[in-house]
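Engineer: The sequence shown begins at 23 in our numbering and counts up by one.
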Amino acid sequence: MRLIVAAHQARDREWIVELLRLALADAPEFIAAPTGESALAHWRQDPQRPQVLIAAPVEDLEPDALIRHMLDPTGITGCPVVMITPGHGRESGPALLRAGAQDYIGESWLSPYVLARAVENAGVRWAAERELREARHLLQAIVDGAGALVFAKDLQGRYFLTNQAWRERLGFDDEQAVGVTDDAVFGPSVAPAVRESDRQVLATGERQVAEETFWRNGQRVTYLASKFPLADAGGRRWAVCGVATDVTSLKEAQAALEARERALQTLADNTPDILLRFDAALRHVFVSAAVQGLTGRAPREFLGRGIREAGLPVSLCELWEAALRMAFHEGRPQTVEFRFDSPAGPRHLTGRFVPEFDPAGRVEQVLAVLHDDTERQRAAEDLRRRARVMARLADASRLIHASLSAEEIARVLVEQARDILGTRQAVVDLAWGDEPLQVVSCDHETPPWGDGRSADGWPGGSPARGQLTVALTNPRGKPVGQVRLADRLDGEFDADAEAVLVQLAAIASTSLENARLYAALRLADQRKTEFIAILAHELRNPLAPIRNGLEILRRKAELRDSAARARDMMERQLGHLVRLVDDLLDVSRISRGKIQLQRSRVNLQAVIDSALEATQATLDAHRHELALEQPHTALWTVGDYTRLVQVMSNLFNNAAKYTPTGGRITVQLRQKGREARIRVSDNGAGIPGSMLPHIFELFTQVRETLPQAQGGLGIGLSLVRQLVQLHGGRIEAHSDGLGLGSRFTLYLPLDDGGATAPADELAEAVLPGADTSSAGPAVASVLR
């Protein structure tokens, strides 16, 4: 701020500046002016800058003249003016104020304090005058631009001047408006108040602004009327002039706003969330009624108080204060979660602190919305608990369904039920078979039977904290047992606990039925295997005399050709029947675990040669081409030589049967890591893709190739797989489809003492149609 000090005498200027320096804490800029014109010149250099003129008597301008040079068109000086007058100043001071100065001081009253107060008062009064002027300008602009009503009345209250807006709004034409009185305009109830307002304007000679409300055409209207007196040259007031603005809509809006605020207050007081508003000092300026439900204290006990003054817990005060300061400082919402011990018990709440901005964009207040999350958290925790229970039920279901006996199911059920529901004791009673079955579980070592048990079989004694029982039923709903729990570790048994136990009982009931069916199936399978064994044995007994009879007939040379052909046919069918019976016997022995392998170190090349020799007749009959690929170095395994030859013979016979006459069969022996791989491939009938997963199952036959089966029962491949598995190996089948041939690949573990053929020698050891020392013509490249 700049202070312009005008005085004719230099000592006066210096004295005034010195007094100001002593009085003002902030050191302003001082400009000393010896004349009035120089003071005006300094002021005009920067009229927008904050400055104050302190003027003592100068020679070039009278005090009122100096003031007039600083007046703007509205009659206000361009900056605050303090005049220093001779003596006490009472003679000339009031006139200077009327001329436009903001304050005056008599020379005899000059002191640092008085001068500082005068400068301060001048600034305040000058600002007030400017604000008043701006308000009047604003009012005039509103009246002129918003269709204001303009009127003038004489001393008898008769209207002699109105504008078009006045006449249109009040319903008068030009002639009717002349001479009309307030009784006709406002009615007898309002007119007296209007006349009293006019009287005050005429009596005081000052402008009066008032609201005038009346009914017009059944509607209540309100006008803001600004009235002022009209005076002649002699100062005699002879009329009242006014400008009235229709503020009905503003009043209605104000009433609506007040109603809305009341509604918002009602809403805030009735919402379950707690609404709090804080000022910059972190004091409560608004508190909704819901706070009483949480704290047990009325909202008025918080208003005007800080968080700590409200008696909230220290930890909560620190948390809220940090969130509030962040919201005020950063202007962004903050969220906190906290626990509060209410009269109704502990509650979990989420608080969101939202900054509220003033028109300048500064954070003025912060609104806090506190939401009680207790029930939601309880529900979420309940869902998590249920999810854990469901996961444990799923694990229990897997364990129970994996059990194949009633005793094992009962054992798993009793342990899982007790573990999931957290009990000290659990018992499963089953009416199973000829004898009842009971399985118990307890959280300490189970006492011996009859020592420590309760009368109803609880292993830890009679229940102390309640019990829960659920029945086990079969598919027809008939009870087959029960599961009992007692002494829950965490609370009492409730509906949820019962539902879990019912679910476990249902799972166990299904598994018990499956176990019953499994036992029945095993019994039926055992009886079937025994029947097959007996049948094969009984079929084999009459085969020996039949074979002997055929051999006798063979030795009789005098048989006719027809008789010889009949004998040969009977021999072939007898051989086929013998092979079927042998296969049935082998399947029966394997199923009952009674087959015994005569294990020794076996040369796999010799196994293949023996199998080819055994099937040579079949290969010859079909005129197949055989390709044999095997390494020069022998591959050895440990197994039953006869059974391995049986495996390979079955594979060779299959390939021969299902390959059309003149087909090609490839036999390949290779080493793959620590295993020997034997692959038998043909270009015969092939296998449908849908049958590949079942091709090794007992009695499985491909319908499309039944004519080539030559009366087989579908036993051979099943027998092959079982024999291979008994040797620790595996077998796989592959076919691209019907008519595209088949490939059977057999893997057997190599003996650790066996030789290993080099990879390059294996790749070249391909001997299509090669002869072997034992196979003879069976390994010829073309068999006729």
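Quick reminder that beta carbons are idealized off the backbone N, C-alpha and C, glycines included.
The model shown is predicted, which means the values in this text are computed figures rather than measured ones.
Classify I630 as helix, strand or coil using the three-state DSSP reduction.
Structural biologist: In the sequence shown, counting from the first residue as 1, residue 630 sits at position 608. Here I630 sits in helix by DSSP.
Engineer: Would you mind stating whether V103 and A77 have Cβ atoms separated by less than 8 Å?
Structural biologist: Counted from its first residue, the sequence shown places residue 103 at position 81. Counted from its first residue, the sequence shown places residue 77 at position 55. Contact flag set, yes.
Engineer: Quick one: Cα of E59 to Cα of L83, how far?
Structural biologist: The residue labelled residue 59 in the question sits at position 37 within the sequence shown. The residue labelled residue 83 in the question sits at position 61 within the sequence shown. Looking at the two C-alpha atoms, the distance is approximately 8 Å.
Engineer: Name, in chain order, the residues that DSSP records as bridge partners for P497.
Structural biologist: Sequence index remark: in the sequence shown, residue 497 carries index 475 (1-based). BP columns for P497 are empty, so no partner.
Engineer: Between the stretch 708-715 and the stretch 752-761, do at least 3 Cβ pairs fall closer than 8 Å?
Structural biologist: Because the criterion of three Cβ pairs below 8 Å is met, the stretch 708-715 and the stretch 752-761 touch.
Engineer: Among H351, T396, L371, E397, whose alpha-carbon lies nearest the alpha-carbon of G383?
Structural biologist: Walking along the sequence shown from the start, residue 383 turns up at place 361. Selected option, being the one with the closest Cα: H351.
Engineer: Flag this pair as yes or no: are the beta carbons of L183 and F194 separated by less than 8 Å?
Structural biologist: Against the sequence shown, residue 183 aligns to sequence position 161. Against the sequence shown, residue 194 aligns to sequence position 172. For L183 and F194, no; Cβs fall outside 8 Å.
Engineer: Whole alpha helix (DSSP H) runs in the stretch 140-209 with 4 or more residues, listed along the chain?
Structural biologist: 186-192, 196-199, 204-208, all fully within the stretch 140-209.
Engineer: Who are the near neighbours of I529 in its chain, counting only those whose CB is closer than 6 Å to its CB and skipping five residues on each side?
Structural biologist: The residue you call residue 529 lines up with position 507 of the sequence shown. Excluding positions up to five away in sequence, the list reads S419, I422.
Engineer: DSSP three-state label for C101, please.
Structural biologist: Residue 101 sits at position 79 when you count from the first residue of the sequence shown. Three-state result, C101: coil.
Engineer: In angstroms, rounded to a whole number, what distance separates the CA positions of L768 and L650?
Structural biologist: By one-based count along the sequence shown, residue 768 stands at place 746. By one-based count along the sequence shown, residue 650 stands at place 628. In a straight line, the C-alpha of L768 is about 15 Å away from that of L650.
Engineer: Could you compute how far the alpha carbon of L760 sits from the alpha carbon of R686?
Structural biologist: Residue mapping note: residue 760 aligns to position 738 of the sequence shown, counting from 1. Residue mapping note: residue 686 aligns to position 664 of the sequence shown, counting from 1. When rounded, the distance between both Cα atoms is 16 Å.
Engineer: Measuring straight from C-alpha to C-alpha, what distance separates L44 and R330?
Structural biologist: For the purposes of this step, residue 44 is taken as the residue at position 22 of the sequence shown. For the purposes of this step, residue 330 is taken as the residue at position 308 of the sequence shown. Rounded to whole angstroms, L44 to R330 spans 43 Å at the Cα level.
Engineer: So, using beta-carbon positions, are G503 and D451 closer together than 8 Å?
Structural biologist: The residue labelled residue 503 in the question sits at position 481 within the sequence shown. The residue labelled residue 451 in the question sits at position 429 within the sequence shown. Yes, the pair counts as a contact, with Cβ atoms nearer than the cut-off.
Engineer: Report the residue ranges of all beta strand (DSSP E) runs contained in full by the stretch 274-327; include only those spanning at least 3 residues, in chain order.
Structural biologist: The stretch 274-327 contains these whole beta strand (DSSP E) runs: 296-300, 306-309.
Engineer: Kindly list the residues whose CB is nearer than 7 Å to the CB of A6, restricted to its own chain and excluding five residues on each side of it in sequence; keep chain order.
Structural biologist: This structure gives no information on residue 6, because the portion of the chain shown stretches from 23 to 806.
Engineer: Residues in its own chain within less than 8 Å of P116 by CB, not counting five upstream and five downstream?
Structural biologist: Translated into the one-based positions of the sequence shown, residue 116 becomes position 94. Same-chain partners within the cutoff: there are none.
Engineer: Using DSSP with H/G/I as helix, E/B as strand and the rest coil, what is I431?
Structural biologist: Within the sequence shown, numbered from 1, the residue matching residue 431 stands at position 409. Here I431 sits in helix by DSSP.
Engineer: Going by CA-CA distance only, name the one from F300, L304, A302, S310 that's closest to Q287.
Structural biologist: Residue mapping note: residue 287 aligns to position 265 of the sequence shown, counting from 1. Cα-wise, what sits closest to Q287 is S310.
Engineer: Tell me the rounded alpha-carbon separation between A787 and A639.
Structural biologist: Residue mapping note: residue 787 aligns to position 765 of the sequence shown, counting from 1. Residue mapping note: residue 639 aligns to position 617 of the sequence shown, counting from 1. Low per-residue confidence applies at A787: pLDDT is 34, beneath 50, and the placement is therefore not dependable enough to give any value.
Engineer: Is the separation between the beta-carbon of L772 and that of L657 shorter than 8 Å?
Structural biologist: Here residue 772 refers to the residue found at position 750 when the sequence shown is read from its first residue. Here residue 657 refers to the residue found at position 635 when the sequence shown is read from its first residue. Yes.
Engineer: What is the C-beta distance between V702 and A678, in whole angstroms, given that I count them as a contact (C-beta under 8 Å)?
Structural biologist: As a first step, residue 702 must be located in the sequence shown, where it is residue number 680. As a first step, residue 678 must be located in the sequence shown, where it is residue number 656. Actually they are not in contact, since the Cβ atoms of V702 and A678 sit about 10 Å apart, beyond 8 Å.
Engineer: Would the beta-carbon of G488 fall within 8 Å of that of E514?
Structural biologist: Your numbering for residue 488 matches position 466 in the sequence shown. Your numbering for residue 514 matches position 492 in the sequence shown. Closer than 8 Å, so yes.
Engineer: Using 10 angstroms around the beta-carbon of I630, count the other beta-carbons present and answer buried if the total reaches 16, otherwise exposed.
Structural biologist: Mapped onto the sequence shown, residue 630 falls at position 608. Buried, because 16 or more other Cβ atoms sit within 10 Å of the Cβ of I630.
Engineer: Return the CA-CA distance between A149 and M23, expressed in angstroms with no decimal places.
Structural biologist: Residue mapping note: residue 149 aligns to position 127 of the sequence shown, counting from 1. Residue mapping note: residue 23 aligns to position 1 of the sequence shown, counting from 1. Their Cα atoms are separated by approximately 15 Å.
Engineer: Bridge partners for L75 per DSSP, in chain order?
Structural biologist: As a working mapping, residue 75 is identified with position 53 in the sequence shown. Answer is I26, V103, bridged to L75.
Engineer: Does the count of Cβ pairs from the stretch 383-395 and the stretch 494-502 closer than 8 Å reach three?
Structural biologist: Verdict: no, contact absent.
Engineer: Below 8 Å on the Cβ atoms is my guess for A749 versus G684; work out the distance and round it to an integer in Å.
Structural biologist: The sequence position of residue 749 within the sequence shown is 727, counting from 1. The sequence position of residue 684 within the sequence shown is 662, counting from 1. Before going further, note that residue 749 is His rather than Ala in the sequence given. Not a contact, Cβ separation roughly 34 Å.
Engineer: So, is R284 buried or exposed, given that buried needs 16 or more other C-beta atoms within 10 angstroms?
Structural biologist: Indexing the sequence shown from 1 puts residue 284 at position 262. Per the 10 Å Cβ criterion, exposed.
Engineer: Look up Y245 in the DSSP assignment and say whether it is helix, strand or coil.
Structural biologist: Locating residue 245 in the sequence shown gives position 223, where the first residue counts as 1. If DSSP states are grouped into helix, strand and coil, Y245 belongs with the strands.
Engineer: For H91, write down the residues that DSSP places opposite it in a beta bridge.
Structural biologist: Looking up residue 91 in the sequence shown gives position 69. The partner list for H91 (beta bridge, DSSP) is empty, contrary to what the question assumes.
Engineer: Report yes if the C-beta distance between A312 and I296 is below 8 Å; otherwise report no.
Structural biologist: As a working mapping, residue 312 is identified with position 290 in the sequence shown. As a working mapping, residue 296 is identified with position 274 in the sequence shown. Cβ distance < 8 Å, so A312 and I296 count as in contact.
Engineer: From E378 to E386, what does the alpha carbon distance come to, in whole angstroms?
Structural biologist: Here residue 378 refers to the residue found at position 356 of the sequence shown. Here residue 386 refers to the residue found at position 364 of the sequence shown. Approximately 6 Å, taken between the alpha carbons.
Engineer: A698 lies in the beta strand (DSSP E); which residues open and close that run?
Structural biologist: For this step, residue 698 is matched to residue 676 along the sequence shown. Element bounds for A698: 697-704.
Engineer: Is it right to say Q124 is buried, meaning 16 or more other beta carbons lie within 10 angstroms of its own, or is it exposed?
Structural biologist: Numbered from its first residue, the sequence shown carries residue 124 at position 102. Buried, since its Cβ has 16 or more Cβ neighbours within 10 Å.
Engineer: Could you say if the stretch 211-229 and the stretch 297-308 meet the contact criterion of at least three C-beta pairs nearer than 8 Å?
Structural biologist: Too few Cβ pairs lie closer than 8 Å, so no.
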